[in-house]
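Numbering (my numbering), first residue to last: 1085 to 1327. Notes follow the structure.
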Ligand code: NAP
């Protein structure tokens, strides 16, 4: 799978699953625009570690449409085509529905779902002109199963799946595919605050009896972004150890 000089955007691409996706595309020759929102130190350390003139960093909030628009305008000054968008940015703010605050609901929906809408809308406007594109959302098995305490997160992740079904039908004629990867439990900072007892219980529910790693998610993303996946759209690929 070569992505030589393809232009790839990975939101939240400087740490966790996003960092593995960024590295995997760079390894295959792509030019990667990795975005982040708050953690400048992590992003700069990542940039230094990678040390590639094909990696570009951008700091903005995917939930703000005007910031997303500025980002697209900026990259279009130097790059005429965008080949791949990976909507990976995401947050969790778990709470039981009965006690969930307005902010816990809205911020998760704004970043995970509206962020995906903002970036996808701008990407397809650009991809339609070139009659080619790949959009991959990092949704979650939680969007299909729904875990207790994650009504906001599950709704946002199920929303990505539903949105991709509509969008894939709108753009299929123009050779743009839109798919989701649904990770199960993956070892990153996003799940580092989980209670050890809960980790034990989740692990026991996974048929493979372990959490996955970020590279295992990245492999699925690269497949869906490749030429090999040219007839796959509007669907989801679970990377969950059988969960
Ligand atoms: P992570 O390590 O917490 O990284 C989250 C990324 O999202 C960071 O790069 C962060 O940027 C970025 N981000 C947060 N808010 C943002 C905003 N407003 N605008 C733009 N970017 C923002 O999480 P992860 O585990 O790698 O998860 C990546 C994706 O996989 C998420 O969508 C998550 O829901 C999904 N997922 C993860 C798991 C898992 O078990 N880890 C399972 C299923 C699905 P900063 O670095 O600036 O904070």
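Even for Gly, the Cβ is constructed at its ideal location relative to N, Cα and C.
Using a Cβ-based criterion (distance less than 7 Å to any ligand heavy atom), does residue 1286 qualify as near ligand 1? Sequence index remark: in the chain shown, residue 1286 carries index 202 (1-based). Incorrect: residue 1286 has no Cβ contact closer than 7 Å to ligand 1.
Where residue 1267 sits in the DSSP three-state scheme: Within the chain shown, numbered from 1, the residue matching residue 1267 stands at position 183. Note: residue 1267 maps to strand in three-state DSSP.
Near ligand 1: residue 1294 beta-carbon under 7 Å from a heavy atom: Along the chain shown, read from residue 1 onward, the residue named residue 1294 stands at position 210. False, no ligand heavy atom lies under 7 Å from that Cβ.
Residue 1226 to residue 1309 span [Cα, whole Å]: The residue labelled residue 1226 in the question sits at position 142 within the chain shown. The residue labelled residue 1309 in the question sits at position 225 within the chain shown. Looking at the two C-alpha atoms, the distance is approximately 23 Å.
As assigned by DSSP and simplified to three states, the class of residue 1235: Position 151 of the chain shown, counting from 1, holds the residue named residue 1235. In the structure shown, residue 1235 falls within a helical segment according to DSSP collapsed to helix, strand and coil.
Here's a check: name, in chain order, each residue in its chain whose Cβ is nearer than 8 Å to the Cβ of residue 1126, leaving out the five neighbours to either side. In the chain shown, the residue the question calls residue 1126 occupies position 42. Hits under 8 Å: 1098, 1099, 1120.
Span of the beta strand (DSSP E), counted from its first residue to its last, around residue 1091: Here residue 1091 refers to the residue found at position 7 when the chain shown is read from its first residue. Residue 1091 -> beta strand (DSSP E) spans 1091–1094.
Straight-line Cα distance separating residue 1193 from residue 1204: Within the chain shown, numbered from 1, the residue matching residue 1204 stands at position 120. Within the chain shown, numbered from 1, the residue matching residue 1193 stands at position 109. Distance between the alpha carbons of residue 1204 and residue 1193: 15 Å.
For the region 1303–1317 against the region 1272–1292, are there 3 or more C-beta pairs whose distance is under 8 Å? no
Residues in its own chain within less than 6 Å of residue 1178 by CB, not counting five upstream and five downstream? Numbered from its first residue, the chain shown carries residue 1178 at position 94. Once the five neighbours on either side are set aside, the close Cβ partners of residue 1178 are 1233, 1234.
Three-state secondary structure assigned by DSSP to residue 1275: As a working note, residue 1275 is residue 191 in the chain shown. DSSP places residue 1275 in helix when its eight states are reduced to three.
Where do the ends of the beta strand (DSSP E) carrying residue 1322 lie? Position 238 of the chain shown, counted from the start, is the residue given in the question as residue 1322. Counted as a single uninterrupted DSSP element, the beta strand (DSSP E) harbouring residue 1322 occupies residues 1320–1323.
So residue 1140 is in the beta strand (DSSP E); what residue range does that whole segment cover? The residue you call residue 1140 lines up with position 56 of the chain shown. First-last of the beta strand (DSSP E) with residue 1140: 1139–1143.
Extent of the continuous beta strand (DSSP E) run through residue 1119: By one-based count along the chain shown, residue 1119 stands at place 35. 1115–1120 is the span of the beta strand (DSSP E), which, as asked, contains residue 1119.
Does residue 1219 come out as helix, strand or coil in the three-state DSSP assignment? Residue mapping note: residue 1219 aligns to position 135 of the chain shown, counting from 1. Of the three classes helix, strand and coil, the one that applies to residue 1219 here is strand, per DSSP.
Cutoff 8 Å; reference residue 1144; Cβ partners in own chain excluding five residues on either side: Counted from its first residue, the chain shown places residue 1144 at position 60. Contacts found: 1119, 1121, 1151, 1152, 1154, 1155.
Considering only heavy atoms of ligand 1, does any lie closer than 7 Å to the CB of residue 1099? Indexing the chain shown from 1 puts residue 1099 at position 15. Checking the Cβ of residue 1099 against ligand 1 gives yes.
Taking 8 Å as the threshold (C-beta atoms), are residue 1136 and residue 1110 in contact? The sequence position of residue 1110 within the chain shown is 26, counting from 1. The sequence position of residue 1136 within the chain shown is 52, counting from 1. For residue 1110 and residue 1136, yes; Cβs fall inside 8 Å.
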